[in-house]
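Participant: Numbering (full-length UniProt numbering), first residue to last: 1 to 293. A virtual CB, placed ideally from N, CA and C, is assigned to each residue, including glycine.
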Amino acid sequence: MSTARSYEEQESPGGIDVPATTTAPVTSTPVTSTLVTPTLVIPDLAGKAVLITGASTGIGAALALAYAAQKCRVALHYNSSGAAAENLAKTIRNGGGEVFPVQGDFSIAAEVERVVEDSAQHFGRLDGLVNNAGGMLGRVPYAELTEAHYDAVMDLNARSVLTASRQAMPWLKRQGGFIVNTSSIAARNGAGGGAGLYGSAKAFVSNVTRGMAKELIGFNIRVNAVAPGTIATAFHERYSTEEHMRAMVATIPQGRAGTPEDCVGAYLFLSSALLSGYITGQVIEVNGGQLMP
């Protein structure tokens, strides 16, 4: 089911309802990274063709810059944030990187299939898929949940992961590769404040990650996930009040909300066979200690 709302900036809603503190307001930190020479070079990522979905803003934008800095060829998917995607692509090109911006509404299966196929055809191969597109699409308590909202949330956050992965499999099987899914802390804590369905969709993603890992390891394809906690981006500016954000930050032992850049290392680690070749079916929690399972 299609939705006109933007979903590029996907992070967890946190979902822990506690009294607000007097901590200073938390606002999103724009992704300002540039393609400088990275201090960490991961040699086996160079030249890989990687599709990053939901890549124009938030965590996705930070990932696009990070993979490009590792000399990956990046397919940069976006939905409604065309200007942001073009600016990001320009930054990557100016840094000497190779990028292919591609638009598509990931709440529509045919659009998902087209984006994956166009990306793979453009590069002539596909070595990695980062399923990052998703979003909460509003805080709706279960008692007020409609069939339309259920379909929209599940199509975008759950079905799109299956569709993109299925479409990518023939390409990945040619030489092996990786899939990294974006889950959420909400997959484990049930979320809250009207975000429960989003958390349920992310729990689906975490379990699909494990099941898919078992099926694809014979083709030398590793499947893992990253579960961000409370990350300060436009996601929370849209769906969380300052009071709610202060309450969530108060539960984080590191004392602050995360940034998109805080999440990047986990994705790069899981993408590199050199660093994580014996790791598959795992979900890495990136949350500043907010959840310690």
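Does the region 89-99 come close enough to the region 66-79 to have 3 or more Cβ pairs within less than 8 Å?
Facilitator: The region 89-99, when compared against the region 66-79, does touch it at the 8 Å Cβ threshold.
Participant: Since residue 182 is in the beta strand (DSSP E), which residue starts that stretch and which ends it?
Facilitator: The count along the sequence shown starts at 1 and reaches residue 182 at position 182. Unbroken beta strand (DSSP E) run through residue 182: 177-182.
Participant: Ends of the alpha helix (DSSP H) at residue 144?
Facilitator: Within the sequence shown, the letter at position 144 stands for residue 144. Here residue 144 belongs to no alpha helix (DSSP H), and DSSP marks it neither H nor E.
Participant: Could you tell me the alpha carbon to alpha carbon distance between residue 287 and residue 255, rounded to whole angstroms?
Facilitator: The sequence position of residue 287 within the sequence shown is 287, counting from 1. The sequence position of residue 255 within the sequence shown is 255, counting from 1. Roughly 11 Å between the two C-alpha positions.
Participant: Shortest alpha-carbon distance to residue 52 belongs to which of 215, 280, 178 and 213?
Facilitator: Translated into the one-based positions of the sequence shown, residue 52 becomes position 52. Selected option, being the one with the closest Cα: 178.
Participant: May I ask you to verify whether the region 226-235 touches the region 50-65, counting CB pairs closer than 8 Å and requiring at least 3?
Facilitator: At 8 Å Cβ cutoff, the stretches touch.
Participant: Residue 180 and residue 80 - do their beta-carbons sit closer together than 9 Å?
Facilitator: For this step, residue 80 is matched to residue 80 along the sequence shown. For this step, residue 180 is matched to residue 180 along the sequence shown. No, they are not a contact pair.
Participant: Who are residue 267's beta bridge partners in DSSP?
Facilitator: One-based indexing of the sequence shown puts residue 267 at position 267. Paired residue(s): none; residue 267 is not in a bridge.
Participant: Throw me the rounded Cβ distance for the residue 197 and residue 153 pair, which I believe falls under 8 Å.
Facilitator: In the sequence shown, residue 197 corresponds to position 197, counting from 1. In the sequence shown, residue 153 corresponds to position 153, counting from 1. Sure, about 5 Å apart at Cβ, within 8 Å.
Participant: Identify every residue that forms a DSSP beta bridge with residue 258.
Facilitator: Along the sequence shown, one-based indexing puts residue 258 at 258. Residue 258 is bridged to 231.
Participant: At which residues does the beta strand (DSSP E) containing residue 123 begin and terminate?
Facilitator: Looking up residue 123 in the sequence shown gives position 123. Residue 123 -> not in any beta strand (DSSP E); alpha helix (DSSP H) instead, spanning 109-123.
Participant: Kindly list the residues whose CB is nearer than 8 Å to the CB of residue 293, restricted to its own chain and excluding five residues on each side of it in sequence; keep chain order.
Facilitator: The count along the sequence shown starts at 1 and reaches residue 293 at position 293. Result list for residue 293: 188 and 285, in chain order.
Participant: Looking only at C-alpha atoms, which of 231, 217 and 204 sits nearest to residue 262?
Facilitator: Numbered from 1 along the sequence shown, position 262 holds the residue referred to as residue 262. Checked all of 231, 217 and 204; the closest Cα to residue 262 is 231.
Participant: If contact is defined by three or more beta carbon pairs under 8 Å, each pair taking one atom from either stretch, is the region 190-205 in contact with the region 108-126?
Facilitator: No, they do not touch.
Participant: Quick one: using the 10 Å Cβ neighbour count with 16 as the cut-off for buried, is residue 161 buried or exposed?
Facilitator: Locating residue 161 in the sequence shown gives position 161, counting from the first residue. With 16 or more other Cβ atoms within 10 Å, it is buried.
Participant: Assign residue 106 to one of two classes, buried (16 or more other C-beta atoms within 10 Å of its C-beta) or exposed (fewer than that).
Facilitator: Residue numbering aside, residue 106 sits at position 106 when the sequence shown is read from its first letter. Under this definition residue 106 is a buried residue.
Participant: Residue range of the beta strand (DSSP E) that residue 293 falls in?
Facilitator: Taking the sequence shown and counting its residues from 1, one reaches residue 293 at position 293. No beta strand (DSSP E) holds residue 293; DSSP gives it neither H nor E.
Participant: Please list, in chain order, all residues of the same chain as residue 214 whose beta carbon is under 8 Å from its beta carbon, the five residues on each side excluded.
Facilitator: Taking the first residue of the sequence shown as position 1, residue 214 is located at position 214. So the qualifying residues of the chain are 281.
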